[in-house]
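Step one of this worksheet: look at the structure below.
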Amino acid sequence: MKRIEPFLALALAGAIIAAAVAAPWLRFVLTIALAKGIAVMGILLLLRAGQVSFGHALYIAFGAYTVAFLAPRVGDAAVLLPLAAIGAGALGLLIGLFVTRYRQIFFGMLNLAMSMVFYSLLEKLYALTKGSDGIRVEIMPVAGQALDRIAYEWTIFGIALALAFALALLLRLYLASPMGEALAGIKTRETRLEFMGVPARGVLLSAYVLSAMVGGLGGALIALTSRHVTPLLAYWTSSGELVFIAILGGAGGVLGPFMGAIAYELIRVYAAASFADAWQMILGAALLLVILFAPGGLWGMAARAVGGRGR
Amino acid sequence: MADWFQDNGLLLGLALLDGLSSAGLIFLVAVGLNLVFGVLRIVNVAHGSLYAIGAYSAASIGLFAASLGVPAWASLPILLLSAALVGAIVGPLIERFLLRRIYAQEEVVQLLVTFALFMILEDVQKLVWGVQPIHHDQAMKLLGTIDVPFAGDFIPFTNYQLFVLPGIAVVTLVGLAWFLRRTLTGRVIVAVTTDREAATAMGIDASKIFLLTFTFGSMLAALGGALSSPTAALVPGIGAQTIVLSFAVVATAGLGQIEGAALTSLMMGLGRSIAVYFEPELEVVVPYIIMVLVLLVRPQGLFGVTETRRV
Amino acid sequence: MSEVLLRATGLRLAFGGVRAADGIDLDVMKGEFLAIIGPNGAGKTTFINMTTGYLKPNAGEIAYEGRRITGMSPRAIVKLGIARSFQLPQLFLEHTVEQNVALAVAARMGIWSPLAPLLRPGHRDEARDILERFGLSAIADSRADALNEGARKLADIAMAVALKPRLLLMDEPTSGVAASEKMTIVETLVNVLRDAKVTAVFVEHDMDVVERFADRVAVWSQGRIAALGPPAEVLADPAVQREVIGIERHPAKEAPHA
Amino acid sequence: MTDTFSRREVLAAGFGAVMLPATLSAQPAARPAEFKIGVTTFLSGPASVFGVPSRRACEMLVDQINAAGGIAGVPVRPIFVDEGPGTDHLVGEIRRLVQSEGVHALFQSISSGSCLACTPLSRELSKVNLLWDCGTQRIFEEGRWDYAFRTQGYATPEVLAPLLYLLRTKPDIRTVAVINQDYAWGRDSWEIWKTAMDALKPGVRVVAEMFPRFGSTDFSTEITRLLALRPDVVYSTSWGGELVTFIRQATERRLHERTTFVLPVAEASLQILGRSMPEGHIIGARGDHWNNHPAPRDPAAFNAFVNAYRQRFNEYPIYPCHHMAQAVWALKAAVEKAVAAKSGGWPSDAELAAAFRGLTFPTPTSTITLREDGQGLEDQIVGTSSFNPNFPFAVPKDMRLYPAAQVSAPVGQKSTDWLKTLTPALIQSAGQSI
């Protein structure tokens, strides 16, 4: 499976590009899906350590608001994206120093608490954030190039796709590295790590900071794409959505988040188009079906179809 | 400090009265979630749906009974009965047909199954009860109000909120404590909560205990909803609001701890009402601040016991 | 054999009312194989836990190579060259056996570089080499949660050995290993350790193993050392026979520890 | 990164051509087989109390219009989209509606956030965009949108009219407390009120500012505090379940005997509240469409609408239904105007948009004119809650009608700046008794 992963990735990228060309409105949906997929890689990382964050929408929202706040001053997407990632990483380090002391439900719920506090701040600091109305992000130059709307949208789409590729590759290397294996060791035998001289908390913390960074990056891409940010990005259901995508896609491979994100967005769009007042039910049912009948998620399904193992 | 109390002591007294009734409701919902979590180790997001269904059912059954000419005094027993009915019907359905299939899976997958269920049930509620606010306040009106003297003035409180809600919460707490400590089934539940492996190794029929606990937890969620229905108008989305607060209670209280849930609910109820008097903007984040502070001091939760890891 | 590697003096530790260590004084000599025997609950594992930093003694101190290590974290102690294996094997259950050992190798080399596999591809080879010496090559690609008790035990020790310790503490290395294979396995193990010049302390219930492989044996009883000396001498002591070996040899033989 | 850029350039060059036709709207337009409207409204979450009735009203009106031959001979088809899942989803849905469904006009939205996010998009997509319910003043005060028009009033007149009514009927108030939902409308409507109040009656003291979490189901603590503070006025622009809950909990504890409620959005909740609504408090309807309007412009049309809705859905229409209807009527008027301007030819998107500017269209109660900035001028009627035998719920009495022009900020001025210029004389001069 590992060997055909790159080919699968290329096929997926090809399909995404083809869909984006064929249907302009899908390009938007797919850009959002790629952005979420990037953020979900962070969830995947933590899942490796057996930890579920129910608050990672915090970093998405942080990245998105970083773009929204700084866009009038630093009007360049190529500068804002790394800024959002670094900012989210710094916040992740700060919060991570606290939450990585905890495991399981405590870890999950403390993350939830942090994201809800951030959500409340976004709502409460009305003068600064315009509350639930949110902040608009204008089309901006990319790497100094002023672009019209169409070119801009294609550019952000391209950046999202390229970042998805690059980060998926990095994540794959990371997971295969001793660091990645130590991270997975936290899930089953954390104490043993200590007895091998490995600082388990440090390993988890570094993964947490990475997950915050990709979260911030994903959020920044969402802001650059939807061009309007609201506090809802940080609400707990948005965090649930990220975990939802991770499991829908499957935690077994780095393509899982992207398969999950694309499936999630497409199901949601088509459910909303066909049954505007029952889309939640359809999404929920889709997830249930995958969990009950396709363990390992979409990645697992693909892996079985190819005949390899999910992991 | 003394001056402050002189000025605000009376207000603090009022805040205490308000905090008690809201703590009562928080407790009823959270303790059910905590029990289920303690025994099944599933963070049950659908607990919020059970709360909402309990509330809606109680209001519908109450309205139906009133239309049949059932006397007003029956409105209180009807609340309790409808909650029991909802828990006894919906709880086992969920446990038997859904949760039972996924006990072997990872925690995150279990959590997501309940998240999917929550999404489905959100739309089901809308299909059954519509979107317009539903309210049935017979029980609150039946009991009338009591005038509490305040600085030469008086403040009317509803007897329902001042006595019935905290009263039922206390009865539930005492009853639960008795049940868990003094009955065989209760002790088995405690045994499964504290050491699942040992308990199953001792030949405890886990499947029966799971069904029982889940049904019981569902009844408590429905009871919380039913008891909120005389004072609150029911609209789509009430489940989502409730569940996230209950999460905070569970993490703060410690695994499966009912006394912990009681103390936490009290702290959060009082904390929020004090905030409304002195710093209303903080009200929303008070539960999370309490949670973070408690976990800083007691990483396993207020009443949680450290899981000893043998090496 | 005269140089002291590890010196424990006056170790005391009580859990509630139970005295798990009640004044332990022990010198471990460089290069020796020291067996620890004694009935269950005598405090044998507690001694290992204190030496590796998992438990802090209430009183007394442990010095390694003349340096005080009481109060240090397990992580810091490992870095000094003390490794351990476990009575209940502590494997990364979702990893393969090879990954388990490779992780230990990587831990020794320094885990912080995510590029380590590119820069130092050697750690996998070293892991495979260790597995071969332990006779585990056949199951190198099996997931740890699919192994039988004996293989788990060996993999657990292999991980400790991969850390290249100078002092290795093993908690019942042969429990759960089938009787027919036991001697071969211990022989392999001892050869590996001797080659690497590792000093070893091991808790053992099988007196045949003790007699054959231990240089010295310490008898634990109620948190104290009841006897200490060469196996032939100690095991011949009637008191030891009555209190320890009598219990150990016959009914409890091969009783798997859950 | 170099890869990215070369790819981007290739993509932009290669597919730019494919993209262009979708956005060019000046080309000659053919009469469509059906006129599609993309309607965004809340179908999930708490705000579906507005969204679902408005959707029903839309479906009902479309049925009526189609039965009568459609708009300018073209049948109408609405496509509904849920606002509930949030902005990033909605922005995508707007694109789908325009680029995939090929809608001819957009009706959006209830939430101010949705309007603020999607209005710029409608310009980019060159599609007529009727803001059918959202009230934020920011839209037309902070930007100029060629394709967007609001077919009803907005926050400033909807808050100012009840304030003027209060100051005229209860000139002696000295203290006020606010309890609003904690989101943009709750905050904005308080800022407007506070600014106007400070100008119209300086010296009124604010004794409590409470913004409970959006979606709260218990206001006991807030009510206790209000009972203890005894403000002369309690102002709340809450709506939906929260307003119902607040009123019921407050009246049970007799807060209504200690203070006067001013509830600018009460109309939508009065049916649900029924007899629980206390008498003698100031209520608004975000417009002039009260069920007991004493003198609608066209009583027959007004009754026909209300009765048809009641017959079909077994309840009275609430203000979002009227707002939806206003959007439909405005669309009908504008399309007919544009078709007439082309002497029967079908208008392009730009021509249709042009037809809206300055459009005056009739509603059963009055007429609404769309100003040059796109903002509609809808009159406001405020009254005092009371019961009469014709309705099983509270309706206003002692109504005053405030013509929109008197209570809206002039074109090009920001509401908060304009409100500061108000003088106490306005209290007596504004509005008329009806």
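Residue numbers (UniProt numbering), protein chains in the order written: chain Y, 1 to 311; chain U, 1 to 311; chain B, 1 to 258; chain F, 1 to 434.
Every residue gets a Cβ at the ideal spot worked out from N, C-alpha and C, and that includes glycine.
| Asked | Found |
| --- | --- |
| Can you find a C-beta in chain F that's less than 8 Å from the C-beta of Y:P24? | yes |
| Quick check: what's the CA-CA separation for Y:R149 versus F:W132? | 27 Å |
| From F:P75, F:E267, F:G358, pick the residue whose C-alpha is nearest to that of F:R371; which is it? | F:G358 |
| Cβ atoms of U:V188 and U:I168: under 8 Å apart, would you say? | no |
| Mind checking whether U:L112 and Y:L287 have CB atoms under 8 Å apart? | yes |
| Give the residues of chain Y in contact with B:P74, contact being defined as C-beta atoms less than 7 Å apart. | E194, F195 |
| Expressed to the nearest angstrom, what Euclidean distance is found between the alpha-carbon atoms of F:L24 and U:R41? | Residue placement at F:L24 cannot be trusted, given a pLDDT of 43 that sits under 50; the coordinates are not used to answer. |
| What residue does the beta strand (DSSP E) around U:F150 start on, and which one ends it? | 145 to 150 |
| What residues in its chain sit with their C-beta under 7 Å from that of Y:G218, if we drop five residues either side in the sequence? | A35, K36, I38, A39, I60, G63 |
| Considering only the beta carbon of each residue, do Y:H56 and Y:S206 sit closer than 8 Å? | no |
| Which chain U residues sit within Cβ distance under 8 Å of Y:A52? | One point to set straight first is that residue 52 of chain Y is Val, not Ala, in the sequence displayed. E107, V108, L111, listed in chain order. |
| Under 8 Å, do residue 267 of chain B and B:L13 count as touching if we go by C-beta distance? | One cannot answer for residue 267 of chain B here, as it falls past the ends of chain B, which runs 1 to 258. |
| If we count the other Cβ atoms within 10 Å of its Cβ and call it buried at 16 or more, is F:P21 buried or exposed? | For F:P21, the predicted structure reports a pLDDT of 40, less than 50, and the residue's modelled location is therefore unreliable. The matter cannot be settled from this model. |
| Quick one: is F:A13 buried, meaning 16 or more other Cβ sit within 10 Å of its Cβ, or exposed? | Confidence at F:A13 is low in this model, with a pLDDT of 38, below 50, so its placement is unreliable and no value can be given for it. |
| So what does DSSP say about Y:K130, is it helix, strand or coil? | coil |
| Since Y:P295 and Y:E123 are thought to touch, with beta carbons under 8 Å apart, how far apart are those beta carbons, to the nearest angstrom? | The Cβ separation is near 39 Å, so there is no contact. |
| Opposite B:P14 in the DSSP bridges: which residues? | According to the sequence as given, residue 14 of chain B is Ala; it is not Pro. Looking at the DSSP assignment, B:A14 forms a beta bridge with B:R19. |
| If you check the beta carbons only, do Y:L283 and Y:A271 fall under 8 Å apart? | yes |
| Can at least three beta-carbon pairs, one atom from the region 89 to 109 of chain Y and one from the region 151 to 162 of chain Y, be found at a separation below 8 Å? | no |
| Counting contacts by CB-CB distance shorter than 8 Å, is F:G16 in contact with chain Y? | With a pLDDT of only 38 at F:G16, under 50, the local geometry of the prediction cannot be trusted, and the value read off the model is given with reservation. It does; some Cβ of chain Y falls within 8 Å. |
| Closer than 8 Å by beta-carbon distance: list the chain F residues that pair up with U:E279, in chain order. | None at all; the shortest Cβ gap to chain F is about 11 Å. |
| Kindly indicate which residue of B:G60, B:E65, B:D129 has the alpha-carbon position closest to the one of B:G71. | B:G60 |
| Tell me the residue span of the beta strand (DSSP E) that contains Y:M15. | Sequence check: residue 15 of chain Y is Ala here, not Met. That residue, Y:A15, is in no beta strand (DSSP E); its alpha helix (DSSP H) goes 5 to 22. |
| According to the Cβ coordinates, are U:A177 and U:I258 closer than 8 Å? | yes |
| From Y:A146 to F:G203, what does the alpha carbon distance come to, in whole angstroms? | 52 Å |
| Nearest to Y:F165 by CA position, among Y:W279, Y:W236, Y:M281, Y:M259, is which residue? | Y:M259 |
| How is the beta strand (DSSP E) around Y:R192 delimited, first residue to last? | Premise fails: Y:R192 lies in the alpha helix (DSSP H), 178 to 195, not in any beta strand (DSSP E). |
| In chain order, what residues of the same chain lie with their CB nearer than 8 Å to the CB of F:K337, ignoring the 5 residues before and after it? | A355, L359 |
| Please report how far the alpha carbon of U:L223 lies from the alpha carbon of U:M140, in whole angstroms. | 15 Å |
| Taking only beta carbons into account, state which residues of the region 8 to 37 of chain U come closer than 9 Å to chain F, listed in chain order. | L10, L11, L14, A15, L17, D18, G19, S21, S22, L25 |
| List the residues of chain U whose Cβ lies closer than 9 Å to the Cβ of F:A177, in chain order. | Per Cβ cutoff of 9 Å: no residues; F:A177 is ~11 Å from chain U at best. |
| Among residues of its own chain, excluding the 5 on either side of F:V411, which ones have a beta-carbon nearer than 7 Å to its beta-carbon? | R371, E372, D373 |
| Strictly below 7 Å CB to CB, what residues from chain Y border U:E122? | Q280 |
| Taking a cut of 9 Å between CB atoms, which residues from the region 79 to 91 of chain F lie near chain Y? | I79, F80, V81, D82, G84, P85, G86, T87, D88, H89, L90, V91 |
| Any contact of the region 382 to 402 of chain F with the region 262 to 278 of chain F, i.e. 3+ C-beta pairs under 8 Å? | yes |
| Count the other C-beta atoms from every protein chain shown that fall within 10 angstroms of the C-beta of U:D3, then say buried if there are 16 or more, exposed otherwise. | exposed |
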